[in-house]
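Here's the structure, in structure tokens; my notes come after.
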Amino acid sequence: MEAPAQDPQVDESEAQEPQQPTPTPSPPRSNGGTDAATQLRAWKERGARIEQLLAKKNAKLQEMEDTENKLKRLLAMAKRSIDNSKQEIAEKDAAIQQLREELAKSRQTQHSWAVDAATRDPRQLLHKVSHGNLLWCLVEYADESELDEAKEFAWHCFRSEAEIQAYANRASGEPLTLPDFSLTPYEVERVKKSLKEEIDRVQEEFRRYRVRSEITRKQKDAEIRKMSANAMAKQTEQISETDLSGELQSSKAQIRRLTKAQAEAEERESDWRRKFEKLMKDYEKLSGTMGETVLAMEWRERYEQSVREKQELEKKMEELKLMTSGAFGNSTDSGNGDLQSLRQVFAQYRKRALNAVEQKEKELNDMQAHYHENGGGSSNASRTNSFKEVRVRRMSMESNSSLSGFETPNATKTNEYLKNIVYKYMASDQDEAKEHMEKAIATVLNFTPAEVASIQEKRKQQQGWFW
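1811 is the number that my numbering gives to position 360 of the sequence shown; each next residue is one higher, with no gaps.
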């Protein structure tokens, strides 16, 4: 390396030392040509010296630039050398690690379960397991180098505790503590099971304790509320001086009303339940295979009942007539009042009966129209129509029986209904539909069982002849 360049100012001062200081030339004067020439030469000499100093300064600057470039090149070379050294160190570390791995593999290949003089000294014994007649220990080896942080483990077998203790005594430094026997899988499962049972028991006890504490807390809260309510009631009673007996009587009356309402509700519920059961029985009868026969029998029973009611009403009418006639002869004023009241009752009953008849006739017409629209279907449709016919007959019977004793049955409606059934019977080509219609006609016209049996026998004969 070259020495650093000196300061050009110092060189300049050194260059000026041997020269004598020259007086500052004064401007040329007009009074003499000799002084002007002398001053001009002095100015020229001074200019030459300045140019020499500038040349030296430029040379020094160039020398310093060359030195700087050399230093930069040296720095770059040093950096490259450092990088190369680092790379070489990394390669050497990788080679060392590879050698260590190869050494560990070679040691593993040379590993022996039994302990001998070549076995490495232990650092600590981690586990001890008994299997058969041998005792197995998991050993952590002592490091051969203090800088090596890798840990190595291996299993070794021993025949007795004495051998284990002798191998443990080979460790340098503090004596090693031998571990207890590890549990077998069966013992581990048993311990896990016992611990699980213990956890369940503790959880159950904690749950019970929590429930008991919650109950106790609620009881205490209830007692506190009760005590506060009692205190508030006493304060209110003392302040307002209310009549507690009157409130008690009103409370009892309210309780009686509520009890009565509850009893009425229960009675209504039982009544609705009975009606529901009755409707369910009627539904079961209607949905059975003998639904038509049952309906026809019910219709006949209602018809007979209506006839009996008609006879009873006629008897009552006769009795009323006799009573009115007798009462009229004895007392005209009282008779007139009774007769007037009877007439009013009769008019009201007749009005209600007429309204019921009109409603039944309206329903009958609607059902007949629906029946005409759905007539001539399949066998299921004919069975449905037969049920509808039976229902129409029942409604017609109810409408006629509602006026029994007051006016004659509506023969026109019955004839119209019978006409429709006969028309459907004659127009239908299905034997099953005709059979249902025959049952309906026999019910309306009150055929005897012998007549019904005769018709069924003839139908069976015709069907057998046809087949």
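Each residue gets a CB set at the ideal place from its N, CA and C atoms; glycine is no exception. Fair warning: this is a prediction, and the values are worked out from it, not measured in the lab.
Between residue i and residue j, how many whole angstroms is the CB-CB distance? I'm expecting something under 8 Å.
i            : j            : result
residue 1593 : residue 1573 : 7 Å
residue 1589 : residue 1606 : 6 Å
residue 1634 : residue 1619 : Not quite, the Cβ-Cβ distance comes to about 22 Å (not below 8 Å), so this is no contact.
residue 1888 : residue 1906 : That belief does not hold up - the Cβ atoms of residue 1888 and residue 1906 are roughly 12 Å apart, past 8 Å.
For residue i, I'd like the list of residues in its chain whose CB is within less than 6 Å of its CB, leaving aside the five on either flank, ordered along the chain.
i            : result
residue 1755 : none
residue 1705 : none
residue 1609 : 1586, 1615
residue 1664 : none
residue 1827 : At residue 1827 the pLDDT is 41, less than 50, meaning the model places this residue with poor confidence and gives no usable figure here.
residue 1711 : none
Considering residue i, what are the terminal residues of the alpha helix (DSSP H) in which it resides?
i            : result
residue 1883 : 1882 to 1895
residue 1614 : 1612 to 1619
What are the boundary residues of the beta strand (DSSP E) that residue i is part of?
i            : result
residue 1604 : 1604 to 1609
Near residue i, what residues of its chain come up, given a Cβ to Cβ distance below 7 Å and the 5 sequence neighbours on each side ignored?
i            : result
residue 1602 : 1591
residue 1454 : Confidence at residue 1454 is low in this model, with a pLDDT of 41, below 50, so the placement of that residue should be treated as unreliable; the coordinate-derived value is given next. Contacts found: none.
residue 1418 : Outside the shown range of the chain (1452 to 1918) lies residue 1418, about which nothing can therefore be said.
Give me the residue from the options with the minimum Cα distance to residue i.
i            : options                : result
residue 1625 : 1663, 1652, 1575, 1682 : 1575
residue 1867 : 1770, 1887, 1892, 1879 : 1892
residue 1622 : 1639, 1610, 1533, 1570 : 1570
residue 1627 : 1666, 1577, 1491       : 1577
residue 1897 : 1869, 1491, 1534, 1880 : 1869
residue 1581 : 1528, 1531, 1638, 1540 : 1638
Apart from the five residues just before and just after residue i, which ones in its own chain have a Cβ nearer than 8 Å to its Cβ?
i            : result
residue 1631 : 1579
residue 1617 : none
residue 1886 : 1910
residue 1612 : 1586, 1629
residue 1700 : none
residue 1725 : none
Is residue i near the ligand ZN - that is, is its Cβ less than 8 Å away from at least one heavy atom of it?
i            : result
residue 1894 : Questions concerning the ligand ZN fall outside what the structure shown contains, since it holds no ligand whatsoever.
Next item on the list: May I have a chain-ordered list of the beta strand (DSSP E) segments no shorter than 3 residues that lie completely inside the stretch 1550 to 1591?
Entry: 1573 to 1582
Next item on the list: At 4 residues or longer, and completely inside the stretch 1508 to 1544: list those alpha helix (DSSP H) runs for me, N to C.
Entry: none
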